[in-house]
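Read the structure below first, then the notes.
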Amino acid sequence: MEQHIIDHPMRYALSNELHARPFPAMSAPCRAAFIALKRPTDAASRDKDADRKHLIALLDRHGAAHPQPGATHYFGEIGKAYLKWESHTEFVTYTLFGEGVAERPFDGSTFSMFPKEWLKDAPGTRLTSALVRVEEGTTDADISPKLRQWFVPESLAVSRVLDGSAVIAADFRIDSEGHMRFAVFVPPETNARTVGQIIQRMCEIETYKTMSMLGFARAREISRKLGEFDEQLREVVNDMENEVTSPETTLNALLPISAKLENLLAQTAFRFAGTGAYETIVAQRIEVLREERFEHRQTFAEFMLRRFDPAMRTVRSMREQLTRMAERATRVGELLRTRVDVERSAQNQKVLESMDRRADVQLQLQKTVEGLSVVAISYYAVNLATYALWPIGSTFGLEKYTLTALLTPAVILGVWAIIRKIRNSAH
């Protein structure tokens, strides 16, 4: 029955993405050469077209088919080997798989499958590289002598993985040729796809471990700066507590420290967040191998617990310390701003009280002026009224002084009433 339904435009692309990176099928004896390339700075925002052009340059040397435009992974045959290419957020990886192994274990010539001229033109620097040697091996007696010969004993990590499908070994040291060494021993009945899975997982463990350690390097780099900022912040808090300087001066000293802390927090946020993500991937890749102890040797998980986890704890501690210090600077700034606001409020209150006192003085002066004005106006008004009413008063036999005395209260009262009315109407 035909279904009339419209698919999401990304439905098939998203489904195919889950199946786009299968493990290669490899049978022992075989080998692999692995390299991860990364730009030293701004790797996440790099030009990924340059990575694809570099891949195509390698494919063209062997007349191999090109990847699809915008592809982030590729797997195909080049010459007598198989190439697996993957583009990640910050780096790209190349893995070449070949049949057979070199007569001399971990011979640097195995890496010559990557042409020197091509490596020289890489749009990035080597993050890590590794040689993987896969041999048939079933008994401890066959495997142990080779481990002692190929690896540094104190760093060696060995374990049986995938329910006894293989024995893996590595010491995570860079050899004289500049590569990590990984050994895989498998019984004849181990599935070829399982061998490819083990090789892929070991390369991923090495890559993500190295990416995580970039965060550790960044943490050590900022450790000294945080010590300086902490000392400066303590001085600011001490000045604030002892009131050595004014709050405005202390606040001005705090602002540059807060700005530097916020800037450092922004600069390290991506690196520290990436470190946490890569650390998780390392743990997951080891977990899916389902390790079992080989003889008395440490497993990969135990190696990471002793050598890798302390570095990751340092990164987490530094990240938390930086965050706490930035929050501490913010709290100190808020306290200083609160003190400044309180002092300014007190100053404003004093100003208002002073203005109130001046207003009271002005009011008293105004009342005094009004009183004097009443006297002055009444004086002239009484004289004018006396002159005006004298002819009438003389007919009644009133003396001039008597008439003036009679007019004075009435004139004063009238002038006072008029001035009061004028003042009330003005308000």
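Under this note's numbering, the first residue of the sequence shown is numbered 48, with each subsequent residue one higher. Quick reminder that beta carbons are idealized off the backbone N, C-alpha and C, glycines included.
Spell out the partners DSSP gives residue i in its beta bridges.
| i | result |
| --- | --- |
| GLU133 | HIS120 and THR140 |
| LYS85 | PHE138 and THR172 |
| HIS345 | For the sequence presented, residue 345 should be read as Gln rather than His. Paired residue(s): ALA204. |
| CYS77 | GLU146 and VAL181 |
| VAL214 | ARG207 and PHE232 |
Assign residue i to one of three DSSP states: helix, strand, or coil.
| i | result |
| --- | --- |
| LEU352 | helix |
| PHE198 | coil |
| PHE229 | strand |
| ARG339 | This sequence places Glu at residue 339; Arg is not what is there. Note: GLU339 maps to strand in three-state DSSP. |
| ALA406 | helix |
| ALA128 | strand |
| MET243 | The sequence given here places Gly at residue 243; Met does not occur at that position. If DSSP states are grouped into helix, strand and coil, GLY243 belongs with the helices. |
| MET287 | helix |
| ARG384 | helix |
| SER92 | coil |
| PRO114 | coil |
| ASP542 | Residue 542 is absent from the structure shown; the chain starts at 48 and stops at 474. |
| ASN471 | helix |
| MET57 | coil |
| ALA401 | First, the residue type needs correcting, since residue 401 is Ser and not Ala in the sequence shown. Helix at SER401. |
| GLU224 | coil |
| ALA452 | helix |
| ALA72 | coil |
| PHE219 | coil |
| HIS101 | helix |
| ASN238 | coil |
| ILE466 | helix |
| ILE459 | helix |
| ILE424 | helix |
| ILE52 | coil |
| SER62 | helix |
What distance in whole Å lies between the Cβ atoms of residue j and residue i, which are believed to be in contact at a cut-off of 8 Å?
| i | j | result |
| --- | --- | --- |
| LEU203 | ASP187 | Not quite, the Cβ-Cβ distance comes to about 14 Å (not below 8 Å), so this is no contact. |
| ARG93 | GLY147 | Between GLY147 and ARG93 the Cβ distance is about 36 Å, and since that is not below 8 Å, they are no contact. |
| ILE466 | SER420 | 6 Å |
| GLU133 | HIS120 | 5 Å |
| PHE350 | ARG207 | About 15 Å separates the two Cβ atoms, so there is no contact after all. |
| ILE215 | ILE245 | 6 Å |
| GLU326 | MET359 | 5 Å |
| ILE82 | TYR129 | 15 Å between Cβ atoms; not a contact. |
| ARG332 | ASP210 | Their Cβ separation, rounded to whole angstroms, is 17 Å, which puts ARG332 and ASP210 out of contact at 8 Å. |
| ALA266 | VAL329 | About 17 Å; that fails the 8 Å criterion. |
| LEU369 | LEU302 | About 18 Å separates the two Cβ atoms, so there is no contact after all. |
| THR157 | ALA80 | 6 Å |
| ALA169 | LEU84 | 5 Å |
| PHE144 | PRO71 | 5 Å |
| MET73 | GLY243 | 5 Å |
| VAL387 | ALA428 | About 59 Å separates the two Cβ atoms, so there is no contact after all. |
| GLU284 | VAL398 | Here residue 284 is Val; the residue named in the question, Glu, does not match the sequence. Contact flag wrong, Cβ pair sits at about 31 Å. |
| PRO116 | LEU102 | Wrong, their Cβ atoms sit about 12 Å apart, outside the cutoff. |
| HIS109 | ILE125 | 4 Å |
Any beta carbon from chain B within less than 7 Å of residue i's own beta carbon?
| i | result |
| --- | --- |
| LYS85 | Among the chains in the structure shown there is no chain B, since it carries only a single protein chain. |
Fill in: 4-residue-minimum alpha helix (DSSP H) runs that sit fully inside the region 142-194, ordered along the chain
163-167
Discussion item. Is it the case that the region 224-233 contacts the region 177-187, given that we only count it when at least three CB pairs across the two stretches are under 8 Å?
Written reply: yes
Worksheet item: Hey, is the region 159-174 in contact with the region 302-321, meaning 3+ C-beta pairs nearer than 8 Å?
Response: no
Discussion item. Whether or not the region 343-359 and the region 273-280 are in contact is what I'm after, with contact meaning three or more pairs of Cβ atoms, one per stretch, closer than 8 Å; do they touch?
Written reply: no
Item to complete: Decide if the region 290-299 is in contact with the region 383-397; the criterion is three or more beta carbon pairs, one per stretch, under 8 Å apart.
Response: yes
Item to complete: State whether the region 147-156 contacts the region 252-271, with contact taken as three or more CB pairs (one from each stretch) at a distance under 8 Å.
Response: no
Item to complete: Run through the region 287-326 for me and flag every whole alpha helix (DSSP H) of 4 or more residues, listed as ranges in chain order.
Response: none
Discussion item. Can you confirm whether the region 260-273 touches the region 309-328 when touching is taken to mean that 3 or more C-beta pairs between the two stretches lie within less than 8 Å?
Written reply: yes
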